[in-house]
Each structure stands twice: as structure tokens, then as C-alpha cells.
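Novice: Below: one structure in C-alpha cells.
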Ligand code: SF4
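Residue numbers (my numbering): 266 to 648.
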């Protein structure tokens with residue numbers, strides 16, 4: 266089983282902002298999700314492909330390893346190779362570009378990285394590292410599609426970069442680091458860049474002291490976006506206090522909200538509703554194992570009637586003379602499911618001309634959102 270660091274790079278966004286969260290999380294179970302396992306499979310496929318393309322393994326070995334990996338693996342889907350290829354193509358394009366200017370550029374797959382100089386027991390694995398002409402680039406595959414992850418100001422990538430600098434600075438004179446996240450299922454590739462000097466300064470002045478606080482369970486609780494992935498998020502008092510504070514709103518006269526008051530409520534709504542949902546989920550799980558919450562009980566939710574034996578029902582109706590097209594519905598599967606079933610490339614090749622992306626429904630987003638403001642004229646035209 267993979268060893269997990271207490272102060273892992275992937276959770277650094279949280280413990281750097283809220284160091285005592287590490288101690289608070291200790292009472293909660295470590296759950297591994299199906300998405301994490303799916304990500305591991307995609308990483309393994311990516312690793313084999315890169316090793317083959319770099320000449321580390323033969324075609325025969327590559328084919329047999331891939332076959333072994335995907336046979337009977339229920340998490341494998343037909344679109345996985347297409348997505349993994351977006352990652353490996355991006356890596357290999359970077360290698361080609363680096364070699365064009367620096368013929369002795371090197372590329373390393375799955376490099377173990379140790380950043381324990383700044384973070385106690387800090388280690389991780391860099392998916393792909395390229396070193397050429399004073400610049401080192403770390404590429405990271407994110408297979409998930411739930412949340413878009415940007416490389417900009419990304420502490421996980423910076424910690425990996427620190428590990429890579431520690432590993433390679435004896436051999437190479439590296440002045441700059443580039444950190445790239447490839448998230449193929451969200452069509453997202455982002456890169457951040459900084460000097461090694463700035464990176465080390467960040468590590469010495471910001472990371473090291475906060476990691477020391479975190480490991481001792483000290484420091485100030487600080488609630489924010491990073492609470493989303495905290496195991497204590499449902500019961501944490503600091504988060505509750507922040508949200509209840511947000512809910513106390515001093516409205517000015519007169520008796521209706523003005524636009525800036527509405528904007529204020531909108532800005533608080535997302536975090537507030539996700540906090541409530543976290544508490545509901547937590548309390549329901551606890552209540553199911555006997556915990557009691559005054560004034561509440563667990564009841565059965567609404568449910569819909571369903572056939573117990575669809576085949577038998579069909580037979581009875583046909584026998585009674587009802588037409589098939591009345592009793593059965595036949596519907597084409599959606600585009601994402603079709604890609605999963607037959608592969609992204611096949612969908613594009615065979616069906617690309619029959620895909621359109623209608624304009625989405627208008628929705629509120631913060632002003633910092635990357636999307637263009639909604640244009641009703643364009644939506645009318647498309648519609
Ligand atoms: S929920 Fe938020 S504030 Fe509370 S411990 Fe976790 S990260 Fe810190």
C-alpha cells in the first residue's frame with residue numbers, strides 16, 4: 266500500500282492555509298475513492314507510454330504491460346487511452362522543443378521527489394520532469410474532471426519542484442522552474458513559472474514555518490475554499506463560525522435589498538450552501554449508526570415505483586397485442602457516455618459532424634470567472 270505523508274503535497278493547499286487542520290483531521294477515516302484509483306490507472310498507462318516513447322522499454326514489453334494493466338480492470342474505459350495520449354503528447358512535445366535548443370536535455374518519468382528539507386517527511390512523485398538549459402519543467406497529469414486544477418500558484422507543484430531542485434541541482438545548473446498541469450478530461454493545460462531563487466524563498470519563509478506549526482498541531486484555524494477537502498469540514502468550529510458570521514448580515518434601510526446587498530449574498534451563497542450540505546451528509550451518516558440529533562429523525566426518502574422484472578413485463582404486453590414502440594423507449598446514449606464506451610477518437614471520427622454545443626443557460630459567476638459575459642444576442646442566434 267502507498268505510504269501517505271502526514272503533510273502531503275496534494276493537501277498542502279489546505280495545511281499551508283490552516284496548519285492545525287492536520288491535527289484535527291487525525292480523528293477521521295482515510296477513505297480512498299474510486300476516482301483516485303481511476304487516476305492511478307491513467308497514470309500507469311501514461312507512464313508506460315512515456316517510457317516506450319523515450320526508448321526505456323520495447324514495443325513488445327509496452328504492449329504486454331498495457332494488456333496486463335487493462336485486462337479485467339473494471340475502471341478501464343475506451344476513452345482512457347485518448348485522454349492519456351493528450352498528456353503524453355504534451356510531454357513529448359515539450360521534450361522535442363527542449364531537445365531542439367538543448368540536444369542533451371533529459372526527461373525523467375515518475376521521479377521520486379523529496380522536499381523534507383522544508384516539510385517533515387515531505388515526499389512525492391513527479392509524473393514527468395524535463396531539464397534543459399537552466400530550466401526544469403515538471404508535468405503533472407490530473408485525470409479527474411470534478412474540479413479544474415490550475416498550475417498557477419499551485420503549492421503541490423511548487424513542493425514537487427522543490428523536491429526536483431533538491432534532486433538535480435547537484436548535477437545541473439537550474440535557474441528557472443516551470444510547473445505544468447495537464448487535465449485532459451477538462452481540456453485544460455496550465456503552466457506557472459518562477460525562478461529557483463523565488464521558489465526557495467517561498468519555501469524558507471512561508472512553507473517551512475507553517476509545516477512546523479502543522480506537524481505540532483499549532484497555528485491559527487483559517488476557513489476558506491480549502492475546507493472543501495478537509496476531513497473535519499462538517500464539524501470544524503472555525504468553519505462554522507466563519508459561515509455563521511457570513512450569515513449575519515447588517516441590512517441597511519429601506520425594506521428591500523439593493524443590488525450591492527444582493528451581490529454580497531450571492532458571494533456568500535456558495536460557501537454557505539456547501540457547508541450546510543457537508544453538515545447534512547455528516548449528520549445523516551452518523552444518525553444511521555445510532556447518533557441522535559435533538560428534533561431530527563431519519564426517515565425514508567421519496568422513491569419511484571419500478572418494474573421488478575422488465576423482461577416479463579415486456580412479454581406480457583406483447584402477448585396482449587401492445588406495440589413494441591409503445592412499450593419500449595430507445596434512446597441514444599449521451600456524448601460523454603459514448604466516448605467512454607467507444608473512445609473519444611472514434612466519436613470524433615465517426616460522429617464529429619453531428620455534435621454541437623448549444624449555449625448554456627445563464628448563470629451567476631464571480632467577476633473573476635474566465636468565461637465571457639453572457640451575450641443574449643449570441644444565445645438567440647445560436648438557438
Ligand atoms: S474545515 Fe477548514 S478551518 Fe476547519 S480545520 Fe479544516 S481547513 Fe481548517
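Idealized CB from N, CA, C, for every residue including glycine.
Below 8 Å between beta carbons: does that hold for residue 439 and residue 412?
Specialist: As a first step, residue 439 must be located in the chain shown, where it is residue number 174. As a first step, residue 412 must be located in the chain shown, where it is residue number 147. Cβ atoms of residue 439 and residue 412: not closer than 8 Å.
Novice: Alpha carbon to alpha carbon, how far is residue 515 from residue 525?
Specialist: On the chain shown, position 250 is the one that residue 515 refers to. On the chain shown, position 260 is the one that residue 525 refers to. Between residue 515 and residue 525, the C-alpha separation is close to 13 Å.
Novice: Below 8 Å on the Cβ atoms is my contact criterion, and I expect residue 379 with residue 428 to pass it. Report the Cβ-Cβ distance as a whole number of Å.
Specialist: Mapped onto the chain shown, residue 379 falls at position 114. Mapped onto the chain shown, residue 428 falls at position 163. With a Cβ gap of about 5 Å, residue 379 and residue 428 count as contacting.
Novice: Looking at residue 374 and residue 319, is the spacing between their C-beta atoms short of 8 Å?
Specialist: Sequence index remark: in the chain shown, residue 319 carries index 54 (1-based). Sequence index remark: in the chain shown, residue 374 carries index 109 (1-based). Yes, the pair counts as a contact, with Cβ atoms nearer than the cut-off.
Novice: Is residue 400 buried or exposed, if buried means 16 or more other CB atoms sit within 10 Å of its CB?
Specialist: The sequence position of residue 400 within the chain shown is 135, counting from 1. Classification of residue 400: buried, given that the 10 Å Cβ count is 16 or more.
Novice: Apart from the five residues just before and just after residue 582, which ones in its own chain have a Cβ nearer than 8 Å to its Cβ?
Specialist: For the purposes of this step, residue 582 is identified with residue 317 of the chain shown, where counting begins at 1. So the qualifying residues of the chain are 592.
Novice: With contact counted as at least three CB pairs below 8 Å, one residue from each stretch, are the segment 333 to 350 and the segment 604 to 611 in contact?
Specialist: yes
Novice: Can you grab the Cα-Cα spacing for the pair residue 451 / residue 566, in whole Å?
Specialist: What you label residue 451 is simply residue 186 of the chain shown in a count that begins at 1. What you label residue 566 is simply residue 301 of the chain shown in a count that begins at 1. Between residue 451 and residue 566, the C-alpha separation is close to 34 Å.
Novice: Can you grab the Cα-Cα spacing for the pair residue 430 / residue 509, in whole Å?
Specialist: As a working mapping, residue 430 is identified with position 165 in the chain shown. As a working mapping, residue 509 is identified with position 244 in the chain shown. Straight-line Cα distance between these residues: approximately 43 Å.
Novice: Looking only at its chain, what residues have a beta carbon closer than 8 Å to the beta carbon of residue 293, apart from the 5 residues adjacent to it on each side?
Specialist: As a first step, residue 293 is located in the chain shown; it is residue number 28 there, counting from the start. Closer than 8 Å at Cβ, skipping near neighbours: 496 and 497.
Novice: According to DSSP, is residue 318 part of a helix, a strand, or is it coil?
Specialist: Taking the first residue of the chain shown as 1, we reach residue 318 at position 53. Looking at residue 318 - three-state DSSP - the assignment turns out to be helix.
Novice: Under 6 Å Cβ to Cβ from residue 353, same chain only, skipping five residues before and after it: list those, please.
Specialist: Translated into positions along the chain shown, residue 353 becomes position 88. So the list reads 311, 314 and 315, once near-sequence residues are dropped.
Novice: From residue 271 to residue 530, what does the alpha carbon distance come to, in whole angstroms?
Specialist: Along the chain shown, one-based indexing puts residue 271 at 6. Along the chain shown, one-based indexing puts residue 530 at 265. In a straight line, the C-alpha of residue 271 is about 37 Å away from that of residue 530.
Novice: Quick one: is residue 553 buried, meaning 16 or more other Cβ sit within 10 Å of its Cβ, or exposed?
Specialist: By one-based count along the chain shown, residue 553 stands at place 288. Exposed is the call here.
Novice: Tell me whether the beta-carbon of residue 476 lies closer than 8 Å to the beta-carbon of residue 414.
Specialist: Indexing the chain shown from 1 puts residue 476 at position 211. Indexing the chain shown from 1 puts residue 414 at position 149. Cβ atoms of residue 476 and residue 414: not closer than 8 Å.
Novice: Using 8 Å as the threshold, is the segment 278 to 285 in touch with the segment 480 to 493, meaning 3 or more CB pairs across them?
Specialist: yes
Novice: Since residue 329 contacts residue 421 with CB under 8 Å, what's their CB separation in whole angstroms?
Specialist: Against the chain shown, residue 329 aligns to sequence position 64. Against the chain shown, residue 421 aligns to sequence position 156. The Cβ separation is near 33 Å, so there is no contact.
Novice: Closer than 7 Å: is that where the CB of residue 289 sits relative to any heavy atom of the ligand SF4?
Specialist: One-based indexing of the chain shown puts residue 289 at position 24. Within the cutoff, so yes.
Novice: Do you know offhand how far residue 336's Cα is from residue 391's?
Specialist: Position 71 of the chain shown, counted from the first residue, corresponds to residue 336. Position 126 of the chain shown, counted from the first residue, corresponds to residue 391. C-alpha separation (whole angstroms): 26 Å.
Novice: May I have the straight-line CA-CA distance separating residue 404 from residue 309, to the nearest angstrom?
Specialist: What you label residue 404 is simply residue 139 of the chain shown in a count that begins at 1. What you label residue 309 is simply residue 44 of the chain shown in a count that begins at 1. If you take the alpha carbons of residue 404 and residue 309, they lie about 15 Å apart.
Novice: With a 10 Å radius around its C-beta and 16 neighbouring C-beta atoms as the bar for buried, classify residue 464 as buried or exposed.
Specialist: On the chain shown, residue 464 is found 199 positions in, with the first residue counted as 1. The residue is buried, with at least 16 neighbouring Cβ atoms inside 10 Å.
Novice: Below 8 Å between beta carbons: does that hold for residue 286 and residue 424?
Specialist: Mapped onto the chain shown, residue 286 falls at position 21. Mapped onto the chain shown, residue 424 falls at position 159. No, these two residues do not count as a Cβ contact at 8 Å.
Novice: Whose C-beta lies closer than 7 Å to the C-beta of residue 268 among residues of the same chain, with five residues either side of it excluded?
Specialist: Here residue 268 is taken as the residue at index 3 of the chain shown, counted from 1. Confidence in residue 268 is poor, its pLDDT being 47 and thus under 50, which makes the residue's placement unreliable; the coordinate value appears in the next sentence. None.
Novice: Does the beta carbon of residue 702 fall short of 7 Å from some heavy atom of the ligand SF4?
Specialist: Past the boundaries of the shown model lies residue 702; the chain is included only from 266 to 648, so the question cannot be answered.
Novice: Near residue 333, what residues of its chain come up, given a Cβ to Cβ distance below 6 Å and the 5 sequence neighbours on each side ignored?
Specialist: Here the question's residue 333 lines up with position 68 in the chain shown. Excluding residues within five positions, none has a Cβ falling inside 6 Å.
Novice: CB-CB under 8 Å to residue 548, same chain, minus the five flanking residues each way: which ones, in chain order?
Specialist: Indexing the chain shown from 1 puts residue 548 at position 283. Same-chain partners within the cutoff: 499, 556, 558 and 561.
Novice: Taking its Cβ as the centre, do 16 or more other Cβ atoms sit within 10 Å of residue 649, making it buried, or is it exposed?
Specialist: No statement about residue 649 is possible, as the shown extent of the chain runs from 266 to 648 and does not include it.
Novice: Assign residue 573 to buried or exposed, taking buried as 16 or more other Cβ atoms, counted over all protein chains shown, within 10 Å of its Cβ.
Specialist: To locate residue 573, count along the chain shown from 1; it is residue 308. So residue 573 ends up on the exposed side.
Novice: Return the bridge partner residues of residue 406 from the DSSP annotation.
Specialist: Here residue 406 refers to the residue found at position 141 when the chain shown is read from its first residue. Residue 406 is bridged to 447.
Novice: Would you give the residue range spanned by the alpha helix (DSSP H) that residue 433 belongs to?
Specialist: Taking the chain shown and counting its residues from 1, the one referred to as residue 433 is at position 168. Boundaries of the alpha helix (DSSP H) around residue 433: 420 to 433.
Novice: Nearer than 7 Å: is that true of the beta carbon of residue 498 relative to any heavy atom of the ligand SF4?
Specialist: Within the chain shown, numbered from 1, the residue matching residue 498 stands at position 233. Yes.
Novice: Is residue 416 closer than 8 Å to residue 363 when the C-beta atoms are compared?
Specialist: Here the question's residue 363 lines up with position 98 in the chain shown. Here the question's residue 416 lines up with position 151 in the chain shown. The answer is no: Cβ separation not under 8 Å.
Novice: Would you mind working out which of 551, 506 and 521 sits nearest residue 537, comparing C-alpha positions?
Specialist: Position 272 of the chain shown holds residue 537. The shortest Cα separation from residue 537 among 551, 506 and 521 belongs to 506.
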